[in-house]
Amino acid sequence: MKKVEAIIRKSKFSAVKKALHEVGVNFFSYWDVTGLGNEKEGHVYRGVSYSTSDIQRRYLSIVVNDDFEEVTIKAILESGSTGEVGDGKIFVSQIDEVYRIRTGAKGGNTLK
Numbered sequence: 000m001k002k003v004e005a006i007i008r009k010s011k012f013s014a015v016k017k018a019l020h021e022v023g024v025n026f027f028s029y030w031d032v033t034g035l036g037n038e039k040e041g042h043v044y045r046g047v048s049y050s051t052s053d054i055q056r057r058y059l060s061i062v063v064n065d066d067f068e069e070v071t072i073k074a075i076l077e078s079g080s081t082g083e084v085g086d087g088k089i090f091v092s093q094i095d096e097v098y099r100i101r102t103g104a105k106g107g108n109t110l111k
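Just so it is clear: in the sequence shown, position 28 is 27 by numbering that gives the first Met the number 0, and no numbers are missing.
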């Protein structure tokens, strides 16, 4: 099993969520987070200058069976990209075991 963590633009969340549902990833957790980026220049929007050093993003945490790792990553990459600096990152780590609290069952079948 793999844990796929993604930090994406908040504006792309709906598209990413839809893409994940389309490939069969129907459960994940997410949080609104703030981070610091490498971009040093400010931006002007409607005549107002604002700093981009504090970046509002959405953090997704998804645990999938090994056979869903590639499709999950591809869905996030394709739906979350704008082609601009600041689109985010994806991190993948190994999960040793998972348990369903309700039944005490363990293993990859608990993700279904």
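Every residue gets a Cβ at the ideal spot worked out from N, C-alpha and C, and that includes glycine.
Give me the Cα-Cα distance between residue i and residue j, rounded to the nearest whole angstrom.
i      : j     : result
Val180 : Val22 : Nothing about residue 180 can be reported from this structure: the residues present for the chain run from 0 to 111 only.
Phe67  : Lys73 : 10 angstroms
Gly82  : Leu76 : 10 angstroms
Phe26  : Lys17 : 12 angstroms
Arg99  : Lys11 : 30 angstroms
On a Cα-Cα basis, can you pick out the residue from the options that is closest to residue i?
i     : options                     : result
Glu4  : Trp30, Ser10, Lys17, His20  : Trp30
Ile94 : Lys9, Leu19, Gly79, Ser60   : Ser60
Val24 : Ile6, Asp65, Lys9, Gln55    : Asp65
Ile7  : Arg101, Arg57, Val91, His20 : Arg57
Where do the ends of the beta strand (DSSP E) carrying residue i lie?
i     : result
Thr33 : 28-35
Ser60 : 53-63
Provide the residue(s) that pair with residue i in DSSP beta bridges, ordered along the chain.
i      : result
Ser92  : Lys2
Lys105 : Tyr98
Ile7   : Arg57, Gly87
Since residue i contacts residue j with CB under 8 angstroms, what's their CB separation in whole angstroms?
i    : j     : result
Lys1 : Val70 : With a Cβ gap of about 12 angstroms, Lys1 and Val70 do not count as contacting.
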